[in-house]
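Heads up, the sequence shown is in full-length UniProt numbering, so the first residue is 1 and it goes up one at a time.
All C-beta atoms in this analysis are idealised placements derived from N, C-alpha and C, irrespective of residue type, glycine included.
The model shown is predicted, which means the values in this text are computed figures rather than measured ones.
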Amino acid sequence: MKIVFAISEVEELVKTGGLADVGKALPLALKDAGEDVVIVMPYYKVLADSLNLPSACETQTLFTEYKVYNFEVRVMDWHGIPVYFVDYPEYFMREGLYSNAYEAYEDNGERFCFFSGAVLATLQAINYSPDVIHCHDWHTAMLPYLTAYDNTGFFDKTRTVFTIHNAAFQGVNLLEKVPFLRHHPGILAQVHGGYINMLQSGIEFATKVTTVSPHYAQELLTDLGSHGLHERLVRRKTDLSGILNGCDYTQWNPATDSFLPEHYDVDNLLPKQTCKHALQEKSGLPMNVSIPLIGMVCRLTEQKGFGYILPILDELVQHNVQIVIVGTGDPKMCMDLGEFAQNHPSQFAFINGFSSEHAHLVEAGADFFLMPSQFEPCGLNQMYSLAYGTIPIVRAVGGLKDTVVDNRHSEDATGFVFEQPRPEALLACIRRALLFYYEHPVKFREMQQRGMNTRFTWERAAGEYIKLYESMFV
């Protein structure tokens, strides 16, 4: 099948978050399965500065009611997949992809609506008539709408799949701020109170709607879980499915990880102690291999559960435990965590920043990995943690519930899970994990090994997507 990935970021090319991981791994897995895959994405400044790519065709032109967009289409071969880049400097020659530091660009709605239109123009310019256009998150959510209203005939046989990676980000904009859309037929039906919700339009017009885990698909059918879009999603219930993301085990493998001081595998976990010492040293904590160490690497946002973490820190450090948190984000959270680290230097370390070395070292050196998320569409760190023999402590939401088996309910347990969105529920879960660590060392090792033998592959995910693509042509 001819499959177009329309996406705003691809890991290895440009990345701000987990969306890019999918943008890399899933197209490669589809290609390996024999599909004909093409990627279309913006030509950001960071790419233009480093790649200097040739044009794929002559200059393309799009029109709105008062503006002419002349843009170039750049091309490169990437692992055997053609990647086409929409080169429009006014929108994409900026320091950030979506924001300047923490302040989103005011014209993001216009930027990515233009990009969606440019995707269709690019496909026509290179004469690539796709069976499927696979769109991702609000950045490309208007593509199903634009495809449905295309009057060239070029996309008459094309189906669209819209994947929601995080329903909290919906691309809500005043229509008057998005001139690219104002001239389109039928657009007023998508406008409410002068605003257009791009995620909502993607849900309405896509042939199929997917999300990144089965449990998150169920949560999207509720008011709370969908962030207010449940009525639209309930109407599309028969076309909604959750396909669990995979994990790139070529990058996350303790037996080959170049960031680790010593490698280990499921049959030899002893070198994990060396990694623990290295993490303690790098984080400024006392080097003590016997004390349980809880690690966390994430963006510092409410979504990641800091509303549960911060209220219990004083009680948590009453236990014999060390904690390392690595991440950037909310300035107030950074200040609170930094102050707590200063007051408890032998037990708590906060690293305000991000590096791949520290992230990999946390996964390898910690005994537990903390993910008490308010919501988590899929989550990747719990998969990395399982692969590294680092036991996840998670809340039973989204993909966390699909991937971590709680020790209270199964002999096949791989972690510790709590349900209630309350600080005391998290504290009780951590205490349960610490008790297990101290009192059941043999069972703890067995749990580590079960996690390391668990696999969530992109090959499996690609197979499920292929079945979905094929179902649209039955």
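Taking only three categories from DSSP, how would you classify residue i?
i, result
"H358", "helix"
"F169", "coil"
"M41", "strand"
"T403", "helix"
"S116", "helix"
"F155", "coil"
"W138", "helix"
"P292", "coil"
"L434", "helix"
"A255", "coil"
"D265", "strand"
"G23", "helix"
"F416", "strand"
"residue 487", "Shown here, the chain extends from 1 to 474; a query on residue 487 therefore has no answer."
"V442", "helix"
"P286", "coil"
"S410", "coil"
"Q218", "helix"
"P377", "coil"
"R422", "coil"
"L260", "coil"
"G202", "helix"
"G338", "helix"
So what does residue i bridge to, in DSSP terms?
i, result
"G451", "Paired residue(s): none; G451 is not in a bridge."
"P179", "None; P179 has no bridge partner."
"S241", "T210"
"Y195", "L174 and H192"
"E103", "N100"
"K2", "D36"
"Y84", "V40 and V75"
"A349", "V324"
"T160", "I133"
"V234", "Partner(s): none; V234 has no beta bridge."
"V14", "V10"
Over the uninterrupted beta strand (DSSP E) stretch that includes residue i, give me the two end residues.
i, result
"I187", "That residue, I187, is in no beta strand (DSSP E); it is neither H nor E in DSSP."
"L229", "Premise fails: L229 is in no beta strand (DSSP E) and is neither H nor E."
"L370", "F368 to M371"
"G353", "Per DSSP, G353 belongs to no beta strand (DSSP E) and is neither H nor E."
"R395", "I391 to R395"
"F92", "First-last for F92: P89 to F92, but that is the alpha helix (DSSP H), not the beta strand (DSSP E)."
Just to confirm the assignment, what range does the alpha helix (DSSP H) spanning residue i have?
i, result
"H277", "K272 to S283"
"I126", "Taken as a continuous stretch (DSSP letters only), I126 belongs to no alpha helix (DSSP H), as it is neither H nor E."
"K467", "W458 to S471"
"residue 481", "Because residue 481 is not part of the residues shown, which for the chain are 1 to 474, the question remains open."
"Q382", "N381 to A387"
Inter-stretch contact (C-beta, 8 Å, three-pair minimum) for the stretch 266–273 and the stretch 347–363: No, the stretch 266–273 does not touch the stretch 347–363.
Unbroken stretches of the alpha helix (DSSP H), 4 residues or longer, contained in the stretch 27–72: 45–51
Alpha helix (DSSP H) runs wholly inside the stretch 307–332, at least 4 long, in chain order: 313–316
Sufficient close CB pairs (3 or more, under 8 Å) joining the stretch 410–424 to the stretch 227–239: no
The stretch 189–203 in contact with the stretch 376–390 per 3-pair CB rule at 8 Å: no
Segment contact flag, the stretch 335–345 with the stretch 363–376, C-beta cutoff 8 Å, min 3 pairs: no
Validate contact between the stretch 186–201 and the stretch 209–221 using beta carbons, cut 8 Å, 3 pairs: no
Sufficient close CB pairs (3 or more, under 8 Å) joining the stretch 98–106 to the stretch 46–64: Judged by Cβ distances under 8 Å, the stretch 98–106 makes no contact with the stretch 46–64, as fewer than three pairs qualify.
Contact between the stretch 78–93 and the stretch 27–47 (3+ Cβ pairs under 8 Å): Result yes; three or more Cβ-Cβ pairs closer than 8 Å.
At least 3 beta-carbon pairs within less than 8 Å: the stretch 167–180 vs the stretch 110–124: With a cut-off of 8 Å, the stretch 110–124 and the stretch 167–180 count as touching, because enough Cβ pairs lie within range.
The stretch 13–27 contacting the stretch 242–259, beta-carbon criterion three pairs below 8 Å: yes
Inter-stretch contact at 8 Å, needing at least 3 Cβ pairs: the stretch 390–403 / the stretch 313–320: no
Segment contact flag, the stretch 423–433 with the stretch 304–312, C-beta cutoff 8 Å, min 3 pairs: yes
The stretch 433–453 touching the stretch 7–21, judged by at least three CB pairs closer than 8 Å: The stretch 433–453 is not in contact with the stretch 7–21.
Contact the stretch 64–84 vs the stretch 135–146: 3+ CB pairs below 8 Å: The stretch 64–84 and the stretch 135–146 do not touch, with fewer than 3 CB-CB distances between them shorter than 8 Å.
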